[in-house]
Amino acid sequence: MRLRKLAVGMLAIGICVGANTLWAQSKAIDVNKSSLKIRVFKSGAFSAFAHDHDVSAPIEEGKIDEGKGDSGHGSVQLRVDSRKMRVLDPDTSADKRAEIQHTMQSDKVLDVEKFPEISYQSTTITSRSEGRWEVRGSLTLRGKKQPVAVDVSLQGGHYRGSASIKQSDFGIEPIRIAGGTVKVKDELKIEFDIVPAQ
Numbered sequence: 000m001r002l003r004k005l006a007v008g009m010l011a012i013g014i015c016v017g018a019n020t021l022w023a024q025s026k027a028i029d030v031n032k033s034s035l036k037i038r039v040f041k042s043g044a045f046s047a048f049a050h051d052h053d054v055s056a057p058i059e060e061g062k063i064d065e066g067k068g069d070s071g072h073g074s075v076q077l078r079v080d081s082r083k084m085r086v087l088d089p090d091t092s093a094d095k096r097a098e099i100q101h102t103m104q105s106d107k108v109l110d111v112e113k114f115p116e117i118s119y120q121s122t123t124i125t126s127r128s129e130g131r132w133e134v135r136g137s138l139t140l141r142g143k144k145q146p147v148a149v150d151v152s153l154q155g156g157h158y159r160g161s162a163s164i165k166q167s168d169f170g171i172e173p174i175r176i177a178g179g180t181v182k183v184k185d186e187l188k189i190e191f192d193i194v195p196a197q
């Protein structure tokens, strides 16, 4: 009798696992069509003489589990190579842009040689309305893991959204120049446009 109950229990677990696998709908992220940008803002008494910065952070790899069907559980994970991040700033001279790039990659900010990987792994996805979600998960940056909430919407097959993070949460002290009269704000904005592979 116990053996029969055990067999029935294992069968039930197998059916549930099979259903979850069937409905997982896991898709790779099309890294060539997807984009991730970081916006860095200035502050301070003489901030009018400085520039905001736009940084491109190409997605190295990732996947989306749309969680369709009975399971209803979705997930997102992605990885960025910090060494491939580039300062865009088209209105800044090439020399100044190179200087900003060097500072960003140095041990003062990203320390790309020691921490070449930036990653995000969702923990929960909550539907807010049709085609809109709040995604909560962990962002690992500069070797530190912190919770980050992301607002996401689905538009024409693209998952678009944004999130805000504080540099200080990841052990980064915002850069100051000119005796602190010009500085980078602690809060950064991350914007993304993610396309699942077909």
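If you count the sequence shown from 1, position 108 lands on 107 in numbering that gives the first Met the number 0, and the numbers rise without skipping. All C-beta atoms, glycine included, are put in the ideal place defined by N, C-alpha and C. This structure is a prediction, so every number in the text was calculated from the model and none was measured.
**OP:** Say whether the stretch 107 to 122 touches the stretch 91 to 99, bearing in mind that this needs 3 or more beta-carbon pairs closer than 8 Å, one atom from each stretch.
**Re:** Counting Cβ pairs under 8 Å, fewer than three are found: no touch.
**OP:** Give the range of the alpha helix (DSSP H) segment to which V95 is assigned.
**Re:** One-based indexing of the sequence shown puts residue 95 at position 96. Looking at the sequence itself, residue 95 is Lys, so the reference to Val does not match. According to the DSSP assignment, K95 belongs to the alpha helix (DSSP H) that extends over 93 to 104.
Original post:
Which term fits G61, buried or exposed, when burial requires 16 or more other beta carbons within 10 angstroms of its beta carbon?
Top reply: In the sequence shown, counting from the first residue as 1, residue 61 sits at position 62. Flag for G61 reads buried.
**OP:** Can you grab the Cα-Cα spacing for the pair W132 / K182, in whole Å?
**Re:** Working through the sequence shown from its first residue, we reach residue 132 at position 133. Working through the sequence shown from its first residue, we reach residue 182 at position 183. Separation of W132 and K182 (C-alpha to C-alpha, rounded to the nearest whole angstrom) is 34 Å.
Original post:
Smallest Cα separation from K113: which of L187, I58, L140?
Top reply: Counting from one through the sequence shown, the residue named residue 113 turns up at place 114. Taking K113 as reference, the option from L187, I58, L140 with the minimal CA-CA separation is L140.
**OP:** Tell me whether P146 is buried or exposed, calling it buried when 16 or more other Cβ atoms sit within 10 Å of its Cβ.
**Re:** As a position in the sequence shown, residue 146 is number 147, starting the count at 1. By the neighbour-count rule (16 or more Cβ atoms within 10 Å), P146 is not buried but exposed.
Subject >> When G142, S55, S25, R38 are compared against F169, the one with the closest alpha-carbon >> reply: Taking the sequence shown and counting its residues from 1, one reaches residue 169 at position 170. Checking every option, the nearest Cα to that of F169 belongs to G142.
Subject >> N-terminal and C-terminal residue of the beta strand (DSSP E) that G170 is part of >> reply: By one-based count along the sequence shown, residue 170 stands at place 171. For G170, there is no enclosing beta strand (DSSP E), as DSSP marks it with neither H nor E.
**OP:** Work out the CA separation of S118 and D80 for me, nearest whole Å.
**Re:** Within the sequence shown, residue 80 is the residue found at index 81, counting from 1. Within the sequence shown, residue 118 is the residue found at index 119, counting from 1. Approximately 9 Å, taken between the alpha carbons.
Original post:
Apart from the five residues on each side of it in sequence, which residues of its chain come closer than 8 Å, Cβ to Cβ, to K184?
Top reply: Position 185 of the sequence shown, counting from 1, holds the residue named residue 184. So the list reads V39, F40, K41, S42, P173, once near-sequence residues are dropped.
Original post:
Alpha carbon to alpha carbon, how far is H157 from K165?
Top reply: Numbered from its first residue, the sequence shown carries residue 157 at position 158. Numbered from its first residue, the sequence shown carries residue 165 at position 166. Cα-Cα distance, rounded: 26 Å.
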